[in-house]
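This report concerns only the one structure given below.
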Amino acid sequence: MATIAEALAIAMEHHQAGRLQEAEILYARIIEADPEQAGARYLLGMLAAQAGRLDVAERRMAAATVLAPDVADQHLHRAMALDTLGRHAEAAVAYRHALALRAGPPHAFFNLGVLLRRLGRAGEAAEAFAQAVAGDPTQAAALLNLGELRLAAGDAAGAAAAFEESARVDDGHASVWMGLATARQRLGDLDGAVAALRRAIALRPHDEALPAKLGVLLQTLGRHREAVNAFHRAVVLAPDWTEVTHAMGLSLGTFGGPVPSLPVQRRAMVLKPLLEPARLSHAIALHDLARMGDARAALERLLALNPAQSDALCFLGSVMRDLGDHAAANDAARRAVLLAPASQAQGSQAAYRAFAAGMVYDPAFDEAARFAAHRWLEERCARPHYAAIRPHANTPDPARRIRIGYLSSDLRAHPVARNLEPVFAGHDRSRFAVFCYAEVELPDAVSERFRAMSDGWRGIAGLDDAQVADLIRADGIDILVSLAGRFDRNRPLVCAHRPAPVQVSFHDVATSGLSVMDYLIADRVLVPPHGAERFTERVIRLPSYYVHAPMDGAPDPGPLPAVAAGHVTFGSFNNPGKISGAVLELWAEVLAAVPGSRLVLKYNAAFADPAQRARVLAPFARRGLAERVTLLSVMHTRDEHLALYRGIDVALDPFPFSGSTTTFEALWMGVPVITLPGQAMVSRWTAAMLRTAGLEDFIAESAGAYVALARRCAADTGWLSAIRGGLRERVRGSAITDAHGKVRHLERAFRAMWRRWCAGRTPAGPLSPGPGPA
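Going by our numbering, the letters in the sequence shown line up with residues 56 to 829, in that order.
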């Protein structure tokens, strides 16, 4: 009679030969003869697993591991059965037992990593995948998972290394390239991210999400034509979220792998939050290419699919404003405000900006209507946060070093930065610590200069308003300065959380409307005492407001072009959103009143758009003057742009939103600017600069006076020539370029604000910066 060992050998021979029934019978008899026979129980479990009876297999293997706990393969195969049964936590324990007994095969570490990741134990999972790679460096799937876990943990550099190694082993998996794109983006290598995404798209050409993500990257890089093509591809792949029929997988989350083909309704729910931003970004890219009509059509198609898309309404308002339809612009922005509750911080922020910006362009708003609209914005977007405002723990010492925080999206190559940089450079660091809270997605050389001049630089892109407010509080900021709050991607509603004891609006063009904004910086021309305009803030009037560093290296202004041309050339290089119908009608009157005169308009490539050109030329065409208007639509370097003023005799200022940077550039190039200030601050920027430079003669008191000034300029080219010859030096010697004086005035104002807070007083009482040191 055969021994147990001999019987087991015979049973295993049957098993290996595929005679499973004979093997099973013999394994069972061995166990009857020797219930302690672990090997037979284990192999009987393997037979059950092969037959798909995993619950039976697991019980038999569990019994084997009890009888022989030191056999690694028994724990390993039991772990696999438990995993398939969905008993993941038990499976992980079984894998741990197996791997503790001997160095298991790399796939065992991989399986353990998958289990631990599924259980949410990311750190342990990463360690398991790393061990799998150590055992077999060609484990591409383990490298992919390791990269994804590192990415989720914030280790972008480690993630990129893992993804790159995975691609080296096997470059045919889209998920690897998608993960690498995200890692490179987080490392600031946007060009590398674009290259990786292009590879992913080649491998997964029907995935709508990938060209949408590519478009966002290209748009951030300013590669607008490529961005338009990418967004167009995303939209073509899924023209309607309710009719998606292709069966390609969709990568979600942090490129966490493909999701199987979904039923149409579920797939539409998944795609909608990805493709709505793609359609919106497509419209933005069209706008950036000066294809305003196409941008408008794209937004209207998006809103037809989802009329409650607040961001699309905000941007539609911007497009309509640039096309001069201010009523439509403000209607879209108002609807966005109504759709964006204060609880949705970012949507509320964008809607606030859209309406707050739109109303200062619109000639239909008088001072009373504008103030009422700002207060309505406060009620909708800001007041819901006021109840949660906490007391401040700042030490109320009026003489100590003050911590100033500047909150801005414009700390980059931008007009606000050009005005602010001399202030930063001139701050007395023994008396003031300076912090930046920068909503800057793509820092540039200007950003780096600000960073170098700061005591603290905080990148806030991706943080919500409450998180930014907490950061400001943690830094102990005494005075928070909100820069140009209503424009670009600025964050004025951070101030609704009152993270600092004193809050100041600076480089804005009207009231913020916020009760928690304590002060607004202006001068006596921008905001005359006892003027009609109303503010929620206490207005601080500096001796002069505007400051700009001398534009060293700028082209020489050259002689007055009218002398050689035989006619006067007017010009305006302002944003077309400022050029309302009323402005165009007045400029047409100017050309009609000055025989032979010409008008040159330019703003980047804006006038390349047929809809824009038609709008601008219409008032001139009605008077038979269209051939005397030149619309330039070419992007230029700074010096090329400034050199265009060598062909301009007199600049014309728009209204009610007057020029600022454009006015300074014109004056620096020897070109005086005719302006028509109104009652509102937004209309008085050019007037403030002209008065500072001693050019009051160019400030018109009425539309008739505006035309009369233009006629005087044309009639007295000698006067214009004299002004042109000395204007740059006049500006250089004025307060406009006196950064030191501006900083001292501003710091005295900050010190006075701080003293008032330390004394427990509100901004409503009298405030004087005083003549002494800050």
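For each residue, glycine too, the CB sits at the ideal point set by N, CA and C.
Subject >> Contiguous alpha helix (DSSP H) assignments of at least 4 residues, all confined to the stretch 364 to 388 >> reply: 365 to 377
Original post:
Considering only the beta carbon of each residue, do Pro477 and Val602 sit closer than 7 angstroms?
Top reply: yes
Original post:
In the structure shown, what three-state DSSP assignment does Met456 receive?
Top reply: Here residue 456 is Arg; the residue named in the question, Met, does not match the sequence. Coil.
Subject >> Simplified DSSP state of Asp246, which is helix, strand or coil >> reply: helix
Subject >> Sub-7 angstroms separation of Thr730 and Ser715 beta-carbons >> reply: no
Original post:
Using the beta-carbon count (16 or more within 10 Å), is Ser738 buried or exposed?
Top reply: buried
Original post:
Apart from the five residues just before and just after Phe561, which ones in its own chain have a Cβ nearer than 6 angstroms to its Cβ?
Top reply: Val536, Leu538, Ile576
Original post:
Out of curiosity, what's the CA-to-CA distance linking Ala521 and Gly234?
Top reply: 29 angstroms
Original post:
Excluding the five sequence neighbours on either side, which residues of its own chain have a C-beta within less than 7 angstroms of the C-beta of Glu644, listed in chain order?
Top reply: Val762
Subject >> For Leu686, three-class secondary structure by DSSP >> reply: strand
**OP:** Quick one: grab the DSSP three-state call for Gln734.
**Re:** coil
Subject >> Gly511 - DSSP class collapsed to helix/strand/coil >> reply: strand
Original post:
In three-state terms, what does DSSP make of Ala620?
Top reply: helix
Original post:
Which value, in whole angstroms, describes the spacing of the CA atoms of Val271 and Ala251?
Top reply: 14 angstroms
Original post:
Excluding sequence positions up to five away, which residues of its chain have a Cβ less than 6 angstroms from the Cβ of Leu656?
Top reply: Ser627, Leu686
Original post:
Buried or exposed: where does Ala721 fall if 16 or more other Cβ atoms within 10 Å of its Cβ makes it buried?
Top reply: buried
**OP:** Could you tell me whether the Cβ atoms of Phe164 and Gln186 are closer together than 7 angstroms?
**Re:** yes
**OP:** Identify every residue that forms a DSSP beta bridge with Cys491.
**Re:** Tyr461, Trp512
Subject >> Ala382 versus Ala412 - alpha carbon distance >> reply: 13 angstroms
Original post:
Which of the three DSSP states, helix, strand or coil, is assigned to Arg593?
Top reply: strand
Subject >> Under the three-state DSSP convention, the category Tyr600 falls into >> reply: coil
Original post:
Whose CA, out of Thr792, Gly679, Val283, Ala64, lies closest to the CA of Leu335?
Top reply: Val283
Original post:
Going by DSSP, which residues form a beta bridge with Ile256?
Top reply: Note: Ile256 sits in no beta bridge, so no partner.
Subject >> Inter-residue spacing [alpha-carbon to alpha-carbon] between Leu245 and Tyr407 >> reply: 30 angstroms
Original post:
Should Gln364 go down as buried or exposed, given a rule of 16 or more other Cβ atoms within 10 Å for buried?
Top reply: buried
Original post:
Mapping DSSP to helix, strand and coil, what is Leu538?
Top reply: strand
Subject >> Proximity of Ala790 and Thr741 at Cβ, strictly below 7 angstroms >> reply: no
Original post:
Where do the N-terminal and C-terminal ends of the alpha helix (DSSP H) with Leu475 fall, by residue?
Top reply: 470 to 481
**OP:** Using the Cα positions of Trp812 and Gln558, report the straight-line distance between them to the nearest angstrom.
**Re:** 11 angstroms
Original post:
How many angstroms separate the CA atom of Cys550 from the CA atom of Gly759?
Top reply: 42 angstroms
Subject >> Rounded C-alpha distance that separates His261 from Val291 >> reply: 10 angstroms
Original post:
Among Leu360, Phe410, Leu341, which has the Cα closest to the Cα of Gly372?
Top reply: Phe410
Original post:
Taking the Cβ atom as the reference point for each residue, do Arg346 and Asp543 lie within a distance shorter than 7 angstroms?
Top reply: no
**OP:** State the Cα-Cα distance for the pair Asn641 and Asp386, rounded to the nearest angstrom.
**Re:** Before going further, note that residue 641 is Leu rather than Asn in the sequence given. Distance between the alpha carbons of Leu641 and Asp386 is about 26 angstroms.
Original post:
Which one of Arg288, Asn361, Leu497, Leu475 has the shortest CA to CA distance from Arg792?
Top reply: For the record, residue 792 in the displayed sequence is Thr; it is not Arg. For the residues Arg288, Asn361, Leu497, Leu475, the minimum Cα distance to Thr792 belongs to Leu475.
**OP:** Inspect the beta-carbon positions of Pro598 and His795 and report whether they are closer than 7 angstroms.
**Re:** no
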